[in-house]
Amino acid sequence: MIPIYWIIGIVIILLLMFLILFITKITITIDLNHSGDDDHYKIKFQAWYGILRYTINIPFVKIDDQQPNLMVKEETGLGAKGEKSPKKKDNKITPDDIIASIKDVREITEHIIGLNKITRKFLKHVKVIKFEWHSLLGVGDAALTGMVVGTAWTLKGMVVGLVSSYMNLKTMPVMMIEPDFYHLRSKTTLQCIISFRFGNAMLAGLRFVKYWKGGRPWFKNSPFSFLNEKKNKTA
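For the sequence shown, the numbering used here assigns the number -11 to the initial residue and increments by one for each residue that follows.
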């Protein structure tokens, strides 16, 4: 028979581990760089002050010369300092994939409308630590460039307004748009750092599962279709 103090000790250790996991802060750094036909996207997840780290690199997105497809190159790395070799993967996105993704987004949108309270409650716990957005725009005509820059300022203002409404903005956003009145140019760099407690994400996930129970959306595209398989197995 196991001594009672062993059981108490195990329970205390498990509770401490759960508490540490619950209050663990997750930091996500999003880097988006666009310059003409050259695109590079990077998303980095960190926890425990960088001890745990996972990075997703998408060096470029380009049009397939032979078929109307998007070619996406993806690299992922795991480790404290990326000591493990990154995994490289080339993905081809066909028009059918894009249409299926649009339908999936519509499915998600219809369900998120009902999940608005849960989403808002979680996003209020998300802290925006850094938000910098710099752009260089030019269409080769001074008048049209002025109109495009004005529209871009409006769009950026709307994005920042949404971020400040739904999330906890801890810093003043830094935004700049530099016009080029004589050349056709398009360059944008965006860096955003957000953080939240793992426990808040876990609670939000449990609320999502409870809400979707019996009414889970049916996804068509591969990034979400695994949920359909789980649903079939459950049934």
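Virtual Cβ for every residue (Gly too), placed ideally from N, Cα, C.
Computed from a predicted model, the values in this text were never measured in an experiment.
If you follow the alpha helix (DSSP H) that residue i is part of, which residue opens it and which one closes it?
i    : result
M198 : Going by the sequence as given, residue 198 is Lys instead of Met. F186 to W200 is the extent of the alpha helix (DSSP H) around K198.
T288 : With the chain covering -11 to 223 only, the question about residue 288 has no answer from this structure.
L125 : Premise fails: L125 lies in the beta strand (DSSP E), K115 to V127, not in any alpha helix (DSSP H).
Roughly how many whole angstroms lie between the Cα atoms of residue i and residue j?
i     : j      : result
N21   : C180   : 12 Å
A130  : H171   : 9 Å
I(-4) : I(-10) : 11 Å
M164  : T177   : 10 Å
K144  : L9     : 36 Å
V197  : M190   : 11 Å
K118  : L4     : 31 Å
P254  : A192   : Residue numbering for the chain in the displayed model covers -11 to 223; residue 254 lies beyond these limits and cannot be assessed.
N104  : W(-6)  : 45 Å
E120  : V162   : 5 Å
L125  : T17    : 25 Å
I140  : Y199   : In the sequence under discussion, the amino acid at residue 140 is Ala, which differs from the Ile named in the question. Cα to Cα, the separation comes out at about 37 Å.
D26   : D19    : 14 Å
I(-2) : M160   : 46 Å
I(-8) : L150   : 54 Å
G138  : F169   : 13 Å
S152  : T142   : 15 Å
W36   : N188   : 16 Å
Under the rule that 16 or more other beta-carbon atoms within 10 Å means buried, what is residue i, buried or exposed?
i    : result
L2   : exposed
I182 : buried
M155 : buried
T133 : buried
F6   : exposed
G70  : Caution is warranted here: a pLDDT of 47 is assigned to G70, below 50, making its placement in the model unreliable, and no coordinate value can be reported.
Taking C-beta to C-beta, are residue i and residue j nearer than 9 Å?
i    : j    : result
F110 : F186 : no
K112 : K158 : no
G24  : S174 : yes
I106 : R195 : yes
H28  : I0   : no
Answer yes or no: does any C-beta atom of chain B fall closer than 9 Å to that of residue i?
i     : result
W(-6) : The question asks about chain B, but that chain is absent: this structure has only one protein chain.
Assuming the contact rule is C-beta atoms closer than 8 Å, residue i and residue j should be a hit. Round their C-beta distance to whole Å, please.
i    : j    : result
Q34  : T15  : 5 Å
I39  : I31  : About 18 Å separates the two Cβ atoms, so there is no contact after all.
V136 : V127 : 6 Å
Assuming residue i is part of the beta strand (DSSP E), what are its boundary residues?
i    : result
M163 : V162 to P167
T17  : K13 to S23
I106 : Note, I106: premise wrong, no beta strand (DSSP E); alpha helix (DSSP H) at N104 to L111.
Y29  : D26 to A35
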